[in-house]
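All remarks here apply to the structure that follows.
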Amino acid sequence: NAGVMQNPRHLVRRRGQEARLRCSPMKGHSHVYWYRQLPEEGLKFMVYLQKENIIDESGMPKERFSAEFPKEGPSILRIQQVVRGDSAAYFCASSPGTSSHEQYFGPGTRLTVT
Amino acid sequence: GQNIDQPTEMTATEGAIVQINCTYQTSGFNGLFWYQQHAGEAPTFLSYNVLDGLEEKGRFSSFLSRSKGYSYLLLKELQMKDSASYLCAVRDGAGRRALTFGSGTRLQVQP
Chain A
-19 NAGVMQNPRH
-9 LVRRRGQEAR
1 LRCSPMKGHS
11 HVYWYRQLPE
21 EGLKFMVYLQ
31 KENIIDESGM
41 PKERFSAEFP
51 KEGPSILRIQ
61 QVVRGDSAAY
71 FCASSPGTSS
81 HEQYFGPGTR
91 LTVT
Chain B
2 GQNIDQPTEM
12 TATEGAIVQI
22 NCTYQTSGFN
32 GLFWYQQHAG
42 EAPTFLSYNV
52 LDGLEEKGRF
62 SSFLSRSKGY
72 SYLLLKELQM
82 KDSASYLCAV
92 RDGAGRRALT
102 FGSGTRLQVQ
112 P
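In the order they appear, the protein sequences are chains A and B. Here the first sequence is numbered in this note's numbering, starting from -19 and rising by one per residue. Here the second sequence is numbered in this note's numbering, starting from 2 and rising by one per residue.
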């Protein structure tokens, strides 16, 4: 049973480019969470999605960031016009449903903006 | 607002016991979690407390006092592989599933 998968593992973008980060939850999981970890800082919640719905986006920056979790395929975190401050590790976590409290984390995507 | 505090770094000796404390102030409470994160890797789930008391799982135990806004993670019989960051996280409100994390405690186990 494969765990949470994220790709790419490492992503380098120049300032002003777009970054697309993908997350495939564990089999049978329909809830996805995105977190950001800046260097030497803790994980910060960004957004919580279920299939085709954004449930909680209270941690998402108001501009340039968007997320989706379509009916088919992985969840996507999209960052437009990246800036150096976007350089961080982006972790995705999944859980099976509202009855479960545990979130299983993927290996993360390390975004470097040059 | 949300505030979760834990020590930045700790050092302990192989075979010993170490206690990592976490205090929190959140607008609500619906569970406290401990995760382990090795450098460059994903956080892995260690424990979950929602009621006061001690939860034991092998060499790891976690304690919660909701009235004090306090938790600790206890690691026994320390091994070198336990060198990692330990993250305290709180789910702060009924119906809200996002986790609020502390900055983590970096534990160094020495021979």
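For each residue, glycine too, the CB sits at the ideal point set by N, CA and C.
* Is GLY118/B helix, strand or coil when you go by DSSP? -> With chain B covering 2 to 112 only, the question about residue 118/B has no answer from this structure.
* To do: Assign MET40/A to one of three DSSP states: helix, strand, or coil.
  => Position 60 of the first sequence, counted from the first residue, corresponds to residue 40/A. Coil at MET40/A, not helix or strand.
* Asked: Should the region -11 to 9 of chain A be regarded as contacting the region 61 to 75 of chain A, the criterion being three or more beta carbon pairs within less than 8 Å?
  -> yes
* Asked: Based on the DSSP secondary-structure assignment, which residues constitute the bridge partners of GLY54/B?
  -> Counted from its first residue, the second sequence places residue 54/B at position 53. Looking at the DSSP assignment, GLY54/B forms a beta bridge with LEU65/B.
* To do: Give a yes or no on whether the minimum CB-CB distance between ARG87/A and chain B is below 8 Å.
  => In the first sequence, the residue the question calls residue 87/A occupies position 107. Strictly speaking, residue 87/A in this sequence is Pro, with Arg absent from that position. With 8 Å as the cut-off, PRO87/A counts as an interface residue toward chain B.
* To do: Could you tell me whether the Cβ of HIS81/A comes closer than 8 Å to any Cβ of chain B?
  => Along the first sequence, read from residue 1 onward, the residue named residue 81/A stands at position 101. Yes, because at least one Cβ of chain B sits closer than 8 Å to the Cβ of HIS81/A.
* **Sub-8 Å separation of LEU75/B and PHE34/B beta-carbons** => Reading the second sequence from its first residue, position 74 is the one you call residue 75/B. Reading the second sequence from its first residue, position 33 is the one you call residue 34/B. Going by C-beta atoms, LEU75/B is not nearer than 8 Å to PHE34/B.
* Counting only beta-carbon atoms, is TYR25/B nearer than 8 Å to chain A? -> In the second sequence, residue 25/B corresponds to position 24, counting from 1. Cβ-Cβ to chain A under 8 Å: no for TYR25/B.
* To do: Establish whether the CB of THR101/B and some CB of chain A are separated by less than 8 Å.
  => For this step, residue 101/B is matched to residue 100 along the second sequence. Judged by the 8 Å Cβ criterion, THR101/B is in contact with chain A.
* Asked: Do the region 82 to 90 of chain A and the region 3 to 14 of chain B make contact, defined as three or more Cβ pairs closer than 8 Å?
  -> no
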